[in-house]
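J.: Read top to bottom, the protein sequences are chains A and B. If you're matching positions, the first sequence starts at 1 in my numbering and goes up one per residue. If you're matching positions, the second sequence starts at 1001 in my numbering and goes up one per residue. We put the CB at the ideal spot given by N, CA and C, even for glycine. Everything numeric in this text was worked out from a predicted model, so none of it was measured. Structure in structure tokens, see below.
2 protein chains.
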Amino acid sequence: MPNPTAAMLVIGDEILSGRTRDANMHFLAQEFTKHGVDLQEVRVVSDDRPAIVSALNALRAAFDVVVTSGGIGPTHDDITADCVAEAFGAHIDVREDARALLAAHYERQGADFNAARQRMARIPDGAVLIDNPVSIAPGFSMENVHVMAGVPSVFQAMVASLLPRITGGAPLLSQSLRIYRGEGEIAEPLGALAQRHPELSFGSYPFQRDGVYGANVVVRGHDGAQVDCAMAELATLFPE
Amino acid sequence: MPNPTAAMLVIGDEILSGRTRDANMHFLAQEFTKHGVDLQEVRVVSDDRPAIVSALNALRAAFDVVVTSGGIGPTHDDITADCVAEAFGAHIDVREDARALLAAHYERQGADFNAARQRMARIPDGAVLIDNPVSIAPGFSMENVHVMAGVPSVFQAMVASLLPRITGGAPLLSQSLRIYRGEGEIAEPLGALAQRHPELSFGSYPFQRDGVYGANVVVRGHDGAQVDCAMAELATLFPE
């Protein structure tokens, strides 16, 4: 059975303005690769309701799993939960189980559980909560869409909460060989090798530093023996 | 006149597998913000022809400017130029001016200008070359789509070559205030401030480190006096 396919939707003006360098995409890519989920597309959109709803509907129709990051805090620019409700045509309001989690948290802190904080308990009808051990305010899963926070420490904790619920396939294995030749010299034999192994993917990533140049050739696949075999051929083609 | 809108398409399996952390998106976001171009969407897709062509067509129809990064080298996984040609229904072949640049480069290096390297001179009919002072192989512009390399040093040099050709608008200015209170306490007065200044955008980005927590509130806009005014109000609302 092929691995489930996935897409990620990163929501936030701060990424698109260059203020913040996104870290969640790279983290999720690594986790999904280990878990046997094929991340096939990422989109980054701003805090704009039509843009978010449209991307959500495109991605949830095209991929088995969709993960979002960002926009679930208490401030006016946090509109992700409402956009998910709109995308699914679902009703959204403060939900008692989420409210109770947050109420207990702020009581322990001796902080006011005010209207803004209660917004973080707005969950679309039919969603399943995603545990947030870092800062309590939960994420949620609505069918195949998993809605998580943008703050990296919270995002990472939510991914850990979510992964056991997603049935992965064979992890994508990879091995690489560093070849000290120009990519243009590697290209032809590498292309022929790739054609002999259509079940694997071969990437070539050039580097150049301090006058030393070459390429890292990466072989990826779900069958370790096939990857080993291609790596052996690669080493024969390009001896040190 | 409003600023031109832009989207970026990052092409590469290595980003989606988590092997490489993308750097070009963050760089382009910062450059476009300074240049007065509003980056509104980024997509990352794998080295897959239908995925690239479909994303190219969606983005070039929806945005004034589209920048791509990745997939223009000499190896078999470099398919971006052919995908751009397909998206535009344009013919593509080795073009003499690009071929001459590369031939001279490899002659200077005493390296073989072989078939793989000649692939880097494949340019769709009607495109304008983008100068690459780092490694010579050019990018190209096809109408509103600007095709650039994925290697960060080359991408950055190509952006510098391209920017003078793109008419920007007013740079997006931003100022921020670090507020040592929970986001939930900031949310209500900040939301009211944002409503009083619909021409500005207000973002709130929580932080938490070593038990110290709060939020960076960022005010963005194209008019410096308006941003100053909102920052003064913000400082009054949240005195140190």
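Would you list the one or two residues that DSSP bridges to Pro-124 (chain A)?
T.: According to DSSP, Pro-124 (chain A) bridges with A:Ile-92.
J.: If I follow the unbroken beta strand (DSSP E) through Ser-174 (chain A), where does it start and stop?
T.: Note, Ser-174 (chain A): beta strand (DSSP E), 173–179.
J.: Does the CB of Pro-1152 (chain B) have a neighbour CB from chain A at under 7 Å?
T.: Not closer than 7 Å to any Cβ of chain A, the Cβ of Pro-1152 (chain B) fails to qualify, so no.
J.: By DSSP's criteria, Phe-1207 (chain B) is part of a beta bridge. Which residues make up the other side?
T.: Partner(s): B:Gly-1214.
J.: Spell out a yes or no on whether the stretch 109–126 of chain A and the stretch 73–86 of chain A are touching, meaning 3 or more CB-CB pairs, one atom from each, closer than 8 Å.
T.: The answer is yes - the stretch 73–86 of chain A touches the stretch 109–126 of chain A, with three or more Cβ pairs under 8 Å.
J.: Who are Ala-1007 (chain B)'s beta bridge partners in DSSP?
T.: Per DSSP, B:Glu-1041 and B:Val-1066.
J.: Cβ of Ala-160 (chain A) within 7 Å of Cβ of Gly-36 (chain A)?
T.: Going by C-beta atoms, Ala-160 (chain A) is not nearer than 7 Å to Gly-36 (chain A).
J.: Are the stretch 30–46 of chain A and the stretch 12–19 of chain A touching, with three or more C-beta to C-beta distances below 8 Å?
T.: Yes, the stretch 30–46 of chain A is in contact with the stretch 12–19 of chain A.
J.: Going by DSSP, name the residue or residues bridged to His-222 (chain A).
T.: For His-222 (chain A), which the question treats as bridged, DSSP gives no partner whatsoever.
J.: From Gly-1110 (chain B) to Arg-1209 (chain B), what does the alpha carbon distance come to, in whole angstroms?
T.: Answer to the nearest angstrom: the Cα atoms are 54 Å apart.
J.: Once the 5 residues before and after Glu-41 (chain A) are set aside, which same chain residues still bring their CB inside 6 Å of it?
T.: Ala-7.
J.: Kindly indicate which residue of A:Ala-194, A:Gly-182 and A:Ala-127 has the alpha-carbon position closest to the one of Leu-234 (chain A).
T.: Selected option, being the one with the closest Cα: A:Ala-194.
J.: Helix, strand or coil for His-197 (chain A), going by three-state DSSP, please let me know.
T.: Of the three classes helix, strand and coil, the one that applies to His-197 (chain A) here is coil, per DSSP.
J.: Using 7 Å as the threshold, is the C-beta distance between Leu-1162 (chain B) and His-1146 (chain B) below it?
T.: Cβ atoms of Leu-1162 (chain B) and His-1146 (chain B): closer than 7 Å.
J.: According to the neighbour-count rule (16 or more other Cβ atoms, all chains shown, within 10 Å of its Cβ), is Val-154 (chain A) buried or exposed?
T.: Per the 10 Å Cβ criterion, buried.
J.: With H, G and I counted as helix, E and B as strand and the rest as coil, what does DSSP make of Phe-202 (chain A)?
T.: Phe-202 (chain A) falls in the strand class under three-state DSSP.
J.: What are the residues that DSSP puts in a beta bridge with Ser-245 (chain A)?
T.: Outside the shown range of chain A, which is 1 to 240, sits residue 245 (chain A), and nothing can be said about it.
J.: Are Val-1053 (chain B) and Ala-1098 (chain B) close, meaning C-beta to C-beta below 7 Å?
T.: No. Outside cutoff.
J.: By Cβ distance below 8 Å, which residues in the same chain neighbour Ile-1136 (chain B) in space, the five residues on each side in sequence not counted?
T.: Same-chain partners within the cutoff: Leu-1101, Leu-1102 and His-1105.
J.: Please report the straight-line C-alpha distance between Ala-1085 (chain B) and Glu-1188 (chain B), rounded to a whole angstrom.
T.: For Ala-1085 (chain B) and Glu-1188 (chain B), the distance between alpha carbons rounds to 51 Å.
J.: Would you tell me roughly how many angstroms separate the C-alpha atoms of Arg-165 (chain A) and Phe-1063 (chain B), rounded to the nearest one?
T.: So the alpha carbons of these two residues sit roughly 37 Å apart.
J.: Taking just the CA atoms, how far does Val-67 (chain A) sit from Leu-56 (chain A)?
T.: So the two alpha carbons sit approximately 10 Å from each other.
J.: Would you identify the three-state DSSP class for Ile-79 (chain A), choosing helix, strand or coil?
T.: Looking at Ile-79 (chain A) - three-state DSSP - the assignment turns out to be coil, as it is neither helix nor strand.
J.: Does the stretch 1175–1182 of chain B come close enough to the stretch 1211–1224 of chain B to have 3 or more Cβ pairs within less than 8 Å?
T.: With the cut-off at 8 Å, the stretch 1175–1182 of chain B and the stretch 1211–1224 of chain B touch.
J.: Would you please state the rounded distance, in angstroms, between the beta carbons of Ser-174 (chain A) and Arg-1019 (chain B)? I believe it to be under 8 Å.
T.: Confirmed, Cβ separation roughly 7 Å.
J.: Can you tell me whether Asp-223 (chain A) is buried or exposed? The criterion is at least 16 other CB atoms within 10 Å of its CB, across all chains shown.
T.: When all chains shown are included, Asp-223 (chain A) counts as exposed.
J.: Val-1044 (chain B) touches chain A at which residues, Cβ-Cβ below 7 Å?
T.: Near Val-1044 (chain B) (Cβ distances below 7 Å), the residues of chain A are Glu-41 and Val-42.
J.: Could you give the DSSP three-state label for Gly-1182 (chain B): helix, strand or coil?
T.: Reduced to three states, the DSSP call for Gly-1182 (chain B) is coil.
J.: Taking Gly-221 (chain A) as the reference, give the member of A:Val-212, A:Thr-236 and A:Gly-203 with the closest Cα.
T.: Cα-wise, what sits closest to Gly-221 (chain A) is A:Gly-203.
J.: Interface residues of chain B around Ala-187 (chain A) at Cβ under 9 Å?
T.: Here the neighbours are Gly-1073, Pro-1074, Thr-1075, His-1076, Asp-1078, Asn-1114, Ala-1115, Ala-1116, Arg-1117 and Arg-1119.
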